[in-house]
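Below, the structure is given as structure tokens:
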């Protein structure tokens, strides 16, 4: 009998959590189950840093069993409760861009073409890089927030501050590119009048780099915790975007520069409202130590990898605006392409929101 038990023990190539007693329904003989020693070659499932919510749902199989419809619907409701506010926030950001394009079109086809060319250039060289680098913070914050570590708030805060430092360093070469937009576009053979207008828009957009160094990491920081209430911050900021454009463009007559300044001021308002929300109404602790969390080198490598993926997806889309400048009538071509790009960007709002929610969950 002992030989049979030994043979039975050696023939079990399964993975179980020996912290839990074996279920009688999984054992053929109940009197043999207490005598079986825990397998010595069982991999520790907690070494990977991931622990399922319901550890008792694990069975003696390398694959997880299909979840019940109730569990699926429960998780779907959780995702929707996060995705709907984030989608609404993305739509508000989209509306801000639409308002800017409308006021550029009000100024004329040259201003619309120059603003569209500048938007394409700034998205390729600036915003895509900052958003991509900031996305590297998402898995770090999600894992830290979902862990049972007592120092998770220090980990979150330290990672947030490190990402802000990374973005502040990244905007140095980006700002140099923005300041030299006109010679770069002329060297590429773009229309001189369109390029001059684009350079004006890009020059007045320079403060937006500093704003995004705080705004983008803060969005990821909150989204990784499932916090969607700052949607009202976006709503209030975008609500003031239209009067800002009217005052700066129509009343003050600042033209293309006024449209760019209105976008910068809207982002500043949005950032200030989000910081105020976290500081006054939030439950997050801002005490941090530089030694906590993932190291700077690891965070840079993770951010660069994430940035490459986002930039490759973003650049091919925005580069169409630059290529439109080589057509027969560049003023109309660039203006029309700018309207097309801003309109079709709406289709990215829902997938981006769902992707962020899945990462946070």
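In this note's numbering, the protein residues as written are 48 to 408. Ideal placement from N, C-alpha and C gives every residue a C-beta, glycine not left out.
| Asked | Found |
| --- | --- |
| Proximal residues to residue 441 (C-beta, below 6 angstroms), its chain only, five neighbours per side dropped | This structure cannot settle anything about residue 441, because the visible part of the chain is limited to 48 through 408. |
| Contact check, residue 303 vs residue 142, beta carbons under 9 angstroms | no |
| Three-state class that DSSP yields for residue 168 in the structure shown | helix |
| Option in 386, 392, 358 and 389 with minimal Cα separation from residue 175 | 358 |
| Proximity to residue 378 [Cα-Cα], best of 249, 156, 387 and 148 | 156 |
| Sequence-distant residues of the same chain with beta carbon closer than 7 angstroms to residue 283, five excluded per side | 320 |
| Euclidean distance between Cα positions of residue 225 and residue 289 | 25 angstroms |
| Nearest-angstrom Cα separation, counted from residue 140 out to residue 270 | 16 angstroms |
| Nearest residue (CA-CA) to residue 147, options 218, 286 and 343 | 286 |
| Any 3 or more C-beta pairs closer than 8 angstroms across the segment 239 to 251 and the segment 305 to 314 | yes |
| Exposed unless 16 or more other CB atoms sit within 10 angstroms - verdict on residue 129 | buried |
| Cβ-Cβ distance between residue 373 and residue 236 below 9 angstroms | yes |
| Minimum C-alpha distance to residue 322 - residue among 265, 360, 363 and 346 | 265 |
| Close beta carbons around residue 108, own chain, < 6 angstroms, minus the five adjacent residues each side | Note that residue 108 scores a pLDDT of 48, beneath 50, so its modelled location is shaky and nothing firm can be said. |
| Helix, strand or coil at residue 287 according to DSSP, with G and I counted as helix | coil |
| Run of the alpha helix (DSSP H) containing residue 319, from where it starts to where it stops | 303 to 327 |
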